[in-house]
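Inspection log for the structure reproduced underneath, given as structure tokens.
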Amino acid sequence: MDKKEISAGVVHKVPSDLRKILTPKPALRAVWEDITPLARNEWLCWIESAKKSETRDRRIRIMLENLLAGK
Numbered sequence: 174m175d176k177k178e179i180s181a182g183v184v185h186k187v188p189s190d191l192r193k194i195l196t197p198k199p200a201l202r203a204v205w206e207d208i209t210p211l212a213r214n215e216w217l218c219w220i221e222s223a224k225k226s227e228t229r230d231r232r233i234r235i236m237l238e239n240l241l242a243g244k
């Protein structure tokens, strides 16, 4: 993708750790850009609401798996 900016949600911005994961992976980034801003917002809100870093990492992994699986 030529676009340098990664689309955010309706309210939430893409955090830097997730941006680092999405940027170098064109297939994953294409899926991310294809979902609605509201759907992106839901994923971002869910990830950002984690209180522990382990939970946040697990939620990011789940999000990536679900996006690649077309969910």
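Positions 174 to 244 (this note's numbering) are the ones given, in order, by the sequence shown.
Glycine included, every Cβ here is placed at the ideal spot set by N, Cα and C.
Spanning the alpha carbons of Glu221 and Ala200 requires a straight line of approximately 23 Å. Lys225 sits in coil when the DSSP states are folded into three classes, being neither helix nor strand. Counting C-beta atoms within 10 angstroms of its own C-beta, Val187 has 16 or more neighbours from the protein chains shown and is therefore classed as buried. In the displayed model, Pro199 falls within a helix according to three-state DSSP. Collapsing the DSSP output to three states places Ser189 in a helix.
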